Amino acid sequence: MRFLPLIIAVVATLMCCLLGETVSPYFHLLTCISLFLALVGIWDLIQVRHSITRNYPILAHLRFLQEMIRPEIHQYFIESDLDGHPYNRNQRSLIYRRSKNVEDVLPFGTELDVYGRHHEWIDHSMAPHKKSEEAFRISVGGSECQKPYSCSILNISAMSYGALSPSAILAMNAGAKKGNFYQCTGEGGLTSYHRKKGGDLVWQIGTGYFGCRNEDGTFCEDLFVEHAILDQVKMIEIKISQGAKPGHGGVLPAAKITPEIAAARKIPMGRDCISPPGHTAFSTPRGLCEFIGRLRELSGGKPVGFKLCVGHRTEFLSV
549 MRFLPLIIAV VATLMCCLLG ETVSPYFHLL TCISLFLALV GIWDLIQVRH SITRNYPILA
609 HLRFLQEMIR PEIHQYFIES DLDGHPYNRN QRSLIYRRSK NVEDVLPFGT ELDVYGRHHE
669 WIDHSMAPHK KSEEAFRISV GGSECQKPYS CSILNISAMS YGALSPSAIL AMNAGAKKGN
729 FYQCTGEGGL TSYHRKKGGD LVWQIGTGYF GCRNEDGTFC EDLFVEHAIL DQVKMIEIKI
789 SQGAKPGHGG VLPAAKITPE IAAARKIPMG RDCISPPGHT AFSTPRGLCE FIGRLRELSG
849 GKPVGFKLCV GHRTEFLSV
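When we follow the numbering used here, the leftmost residue of the sequence shown carries the number 549, and every step to the right adds one.
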């Protein structure tokens, strides 16, 4: 029974070929289709990679097709407006509407369980506060910073050039300029695309010290100063680790390194770009604090912070 589709395809090929020669040449169109299915079935029998196609030639491909369209079927026909993570359909629709600058409020009724334990709401007030005409901002930089920065509470998080296209970086920085918030460069270096639109920048420095490294991959103070003193660079961020790959570092294959990426990161062409698991400029919490102080001094008194994925609480508390 499991070989029935293959048998049908082979028989159909022979029949259609015969009918094409004796009745009408149009049957050769069906011959091509049945021949294709027959060849697929024969290949399924002789290949050794997938056991399911070997046991169920031709028919097994229906399963692969169903697996391929499963997410769309689930989203469009099974998932409710309140299902789905991290954002359900209602939340996605709200984002789409606001991005198009159209009405985003649906009056009269809600699908939410307003009496549920985790439902949140805003209480009424007899004397509501007047809405501030200015966006909320936070001042970053203590007494040791000669150039503190007043930053928005909503900004553009770290995404490197290479992971993002030049057009994406230009668009984001133009938005940062227009909205008066900052864009974090990511650990891939500070490029001309980040500077072209004039938006505020936070320069992120990772374990590879891209844009401020010596030939051996160690930190270079001279190259750091060259970029850190730019007025457009408002703060410095040291990336210790991130949740997606804590303690693993990273590799950018040589085939993906363009001349622009090489120039921005200060790396050679034709070789894999390695991000080490840890920093070479420091190895202890005290060393991190001293490195922060040194970067603040070299940048002319700009705020310097660090980003990490907390593994051991004692490591963070020691900092």
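C-beta atoms are modelled at their ideal positions from N, C-alpha and C, and glycine is treated no differently. All values derive from a computational prediction rather than experimental measurement.
Nearest to residue i (by Cα), restricted to the options the options
i           : options               : result
residue 705 : 724, 829 and 659      : 724
residue 578 : 560, 833, 764 and 608 : 560
residue 820 : 851, 805 and 554      : 805
residue 763 : 715, 787 and 817      : 817
residue 858 : 717, 790 and 831      : 790
residue 745 : 734, 719 and 729      : 719
residue 757 : 556, 829, 583 and 642 : 829
residue 585 : 576, 571, 573 and 553 : 553
residue 703 : 803, 716 and 721      : 721
residue 589 : 730, 867 and 555      : 555
residue 833 : 860, 651, 679 and 686 : 860
residue 587 : 557, 598 and 715      : 557
residue 581 : 570, 565, 571 and 591 : 565
residue 686 : 788, 730 and 807      : 730
residue 779 : 697, 717, 619 and 672 : 697
residue 562 : 572, 573, 583 and 571 : 583
residue 682 : 627, 610 and 727      : 727
residue 715 : 743, 647, 691 and 692 : 743
Same chain, Cβ closer than 8 angstroms to residue i, neighbours up to 5 away in sequence not counted
i           : result
residue 630 : 636, 637, 638, 659 and 660
residue 775 : 738, 751, 759, 760 and 781
residue 603 : 550
residue 596 : 602
residue 642 : 652
residue 645 : 651 and 652
residue 863 : 833
residue 572 : none
residue 654 : none
Strand pairing of residue i, partner residues [DSSP]
i           : result
residue 698 : 687
residue 823 : 798
residue 709 : 712
residue 751 : 784
residue 767 : 761
residue 731 : 704 and 749
Same chain only: Cβ atoms within 6 angstroms of residue i, ignoring 5 sequence neighbours per side
i           : result
residue 771 : 760
residue 684 : 701
residue 815 : 821
residue 753 : 786
residue 767 : 757 and 829
residue 800 : 821
residue 839 : 829 and 830
residue 528 : Outside the displayed range of the chain (549 to 867) lies residue 528, so it cannot be described from this structure.
Nearest-angstrom beta carbon gap, residue j and residue i [assumed within contact, 8 angstroms]
i           : j           : result
residue 709 : residue 663 : About 49 angstroms; that fails the 8 angstroms criterion.
residue 783 : residue 850 : 6 angstroms
residue 852 : residue 865 : Contact doesn't hold; Cβ gap of about 20 angstroms is too wide.
residue 733 : residue 749 : 6 angstroms
residue 813 : residue 736 : 6 angstroms
residue 605 : residue 593 : 5 angstroms
residue 600 : residue 608 : 5 angstroms
Residue i, enclosing beta strand (DSSP E) - first and last residue
i           : result
residue 853 : 852–855
residue 726 : Counting along the chain, residue 726 falls outside any beta strand (DSSP E), though it belongs to the alpha helix (DSSP H) covering 714–727.
residue 785 : 781–787
Limits of the unbroken alpha helix (DSSP H) element including residue i
i           : result
residue 614 : 608–621
residue 565 : 552–570
residue 807 : 807–813
residue 580 : 575–594
residue 837 : 833–846
residue 642 : 637–647
residue 863 : 861–866
residue 604 : From DSSP, residue 604 is part of no alpha helix (DSSP H); its letter is neither H nor E.
residue 741 : 740–744
Sequence-distant residues of its chain with Cβ nearer than 7 angstroms to residue i (five each side left out)
i           : result
residue 848 : 694, 695 and 777
residue 846 : 769, 772, 773 and 776
residue 621 : none
residue 568 : 575, 576 and 579
residue 836 : 830, 854 and 867
residue 688 : 696, 697, 699, 783 and 851
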